Each structure stands twice: as C-alpha cells, then as structure tokens.
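Here the structure is laid out as structure tokens; the discussion comes afterwards.
Numbering (the numbering used here), first residue to last: 1411 to 1827.
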C-alpha cells in the first residue's frame, strides 16, 4: 500500500510537539483512565453486587451482558452522532454522565427493585459505552496531531491499565465496603471523567465541517472498513485474533481446575495483561516508524500464534506455558498500538469517530463469540482450545495479508461508496 498516510505520525512529528499538546495528552490520559477504569471495573463489580444482594451469579452475568452487548450494537449509532454533532464537549461529557448515572442506578436497583429495572439501567450505560473506548481514542487526532504514534501507544497502555486496575479495584472495594459501594465508586470515576472532559480543547465544529447524519450513514463506517484495504485487513485480522483471545479466560480456568489451583486463572490472565502493558509501553518509546502499521499488525498476529502453539504443546509444563502467555501479551500490546494508528490514518474526517467505535465493537463481539465457543468446546481439553487460539491468530495474519494485497481501487469520497 502507498505510504501517503504515514504523514499521520511519521518521522519528526514528535519533535514538532508543543507544550500544549503535552498538556492535552496529560489531561486526556487522566480522564480516559477514569472512564475506562469505571467500564472495566463494572464488569466485575456488577457480578459481585448481584451475588451479594441476590445470591445469583447468573443475574450478575446478565447485568454484565446488558452492559457489554450494547457496546457492539450501539457503536455505529453513537459514532455517527459523535461525527455529526457540533458541541462535542457537551456530547462526550453528557455521555460520560449518562454512563455514571446509569451505573449508579444499576447499583441502587440491584437487590431492591424488580430485576428488569437494574437490567434496563445497565443497558442504558452500555449504550454510551463505545464512547468510553473507541470514541475517546478518536479525539487524539485533534488533541495531539504532532505525536499521534506515541499518543496511541499511551492510549493502549491506558486500556491495559484499566483492564488490570479496574477489576482489582472493584474486587477490593466490594470486599471492604460491599458491592453497592464499589459500583458507586466506579460511577463516581466516570462522573469525574465527565468533568475533566471540559478541560480538553475541543473546538465547536462549524456547519461546513460537520457530517450531516442520515439513516443510511450508520453503516458508512462499515463500508469504509470493507473498501479500504489497510483498514479492512487489520479489522479482519484483529477480529480473528480476538476470537481466539476470547477463549483465554475459559482456557485458563480449565488449566487451573486441572491442577486444583483457582489462583492459576488469575496468574495466567495477569501475565497476558502485564505483557500487553509492557508491549504498549515499548511502543511508546520505539514506535516502529520504519514499518507500515498494517504490516506490524499482520506480523504480530502470525507471531502470536507461536507462543500459543507452544502453550498448547506443553500445557502441562508451567516453565513453558507461563512465559508463552506473557510473550503473547507483549506482542498483542504492540499490535493494538499499530491498530489504533491504522484506524486514525484511514478513517475519513467525517467518519472518524464511527470508524473507531465500530472497530472496537467488532473486536468486542469477536471476543464474546470466542468465549462462547470455548465454553461449548471445553470438553475437548486445554490443548485443543489453545491450538484453536493459535490457529485464530495465524488465520488472522494470513487472511489479513490476503485482503491487504488484493487489487482494489481505494475510494476517496465516502459519500459515493
């Protein structure tokens, strides 16, 4: 593919950075951390709250599903609205406040009101969830145009930190003060992010800069993803990789069950998360400017298949499978940073947010499907599941490369796609 998009964050861009951009990045990092900590922590906090107040882990799972499923379904809608709206500070801050309020209402309703009330409140929170992930990331293009590669690396690090700290904080708070207080604290974190968003210098869009929303435009980002080879390639590849990654919690639980050590599940998942965090930090300092980011992603997908294959072959040998999981996380951290770069480079200005939210939604859906498939195939054994995880990553790399190399004319006007 041509290298015209490399001007996004190519050599020398970071050196042109200003103090204003550094300040923007600091403020963004703080509010994104608070928002995503709330989102990740809620997935544990709601389960603990349901168990505490209703003695039903199944209802806790239903609340989490109500929170997570709209992340996928609502992604095109909220992304399209974010691209079309003029007062983005009001919109994003309001969305964060809706999330905080709905999460607090879920905490109040669980165990004290009919269950459908709590589920409805969780659904309301989930509907604005895409803005806490891909929606916030899409703002970096405006906030730090001179250091986007480093910014995407930092943002990937924030995702990793939220994935580690959020669930841990929810568990600690629930243990000390109860599940309801834990969820209230998470709601407070999202509310604080809502206030901090007002500190970002997001200019009000003039009428000529705005994307005028129409019903058919909710699929516009999907059309762009399909018709732009680099974007389509990395979306397909990353979704196939996430299909495999979705099986890892089930696989880790089976490995722990085999050795009668429930703590092994946490050890394995923590190693993967810490590896991803290390990979993101590595990218911040060494952003691989000499490689096209789509090529980095495809190489990483193929490379990730190797440690998972090793873990499958030596799934009874901790000295092999534990480092293998950590290495897989490290590679995934590098890959995710590059994925954000491709989305930022390829997304048309009028569809910028929608491309990010739809991409994140597709990955979430792939992970959920992978988890469900792993649960259904649990009887096949750990080796088969890990082999499947490895295969998903290998297929992601190979099929992504096929899409990238396929001859195709790149459209320049999304309106005519």
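Think of the CB as a built atom: it goes at the ideal place given N, C-alpha and C, for glycine as much as any other residue.
Treat the numbers as computed from the prediction; the structure is a model and nothing was measured.
The Cβ neighbour count for residue 1497, taken over all protein chains shown within 10 Å, is under 16; the residue is labelled exposed. Cα atoms of residue 1536 and residue 1803: separation of roughly 28 angstroms, rounded to the nearest angstrom. Here residue 1797 has 1722 as same chain residues with Cβ atoms under 6 angstroms from its own Cβ, once five neighbours each way along the sequence are excluded.
For residue 1733, the uninterrupted alpha helix (DSSP H) segment begins and ends at 1728 to 1756. Residue 1690 places its beta carbon 9 angstroms or farther from that of residue 1574.
Ranked by Cα distance from residue 1748, the first of 1612, 1790, 1561 is 1561. By the neighbour-count criterion, in which a residue is buried when 16 or more other Cβ atoms sit within 10 angstroms of its Cβ, residue 1670 is exposed. DSSP, reduced to helix, strand and coil, places residue 1612 outside both helices and strands of the structure shown, so it counts as coil. Linking residue 1784 to residue 1478 through their CA atoms gives a straight-line distance of about 18 angstroms. In the structure shown, residue 1591 adopts helical secondary structure according to DSSP, grouped into three states. A residue is called buried when at least 16 other Cβ atoms come within 10 angstroms of its Cβ; residue 1452 meets this threshold and is buried. By the C-beta density criterion, residue 1735 is buried, having at least 16 other C-beta atoms within 10 angstroms. In the three-state reduction of the DSSP assignment, residue 1702 falls in the coil class, being assigned neither a helical nor a strand state.
With at least 16 other beta carbons inside 10 angstroms of its own, residue 1544 counts as buried. The C-beta of residue 1700 has fewer than 16 other C-beta atoms within 10 Å across all chains shown, which makes the residue exposed. Sequence-distant partners of residue 1642 (beyond 5 residues in either direction) whose C-beta falls short of 7 angstroms from its own C-beta, in its chain, are 1635, 1636, 1813.
Within its own chain, the residues whose Cβ lies closer than 8 angstroms to the Cβ of residue 1594, once the five positions on either side in sequence are excluded, are 1514, 1517, listed in chain order. Non-local C-beta neighbours of residue 1599 in its own chain, meaning closer than 6 angstroms and more than five positions away in sequence, comprise 1444, 1447, 1448, ordered along the chain. Note that the C-beta distance between residue 1662 and residue 1653 is not below 9 angstroms.
In the three-state scheme derived from DSSP, where H, G and I count as helix and E and B as strand, residue 1495 is classed as coil. Annotation: residue 1456 to residue 1760 spans about 36 angstroms, alpha carbon to alpha carbon.
The Cβ atoms of residue 1706 and residue 1665 lie no closer than 9 angstroms to each other.
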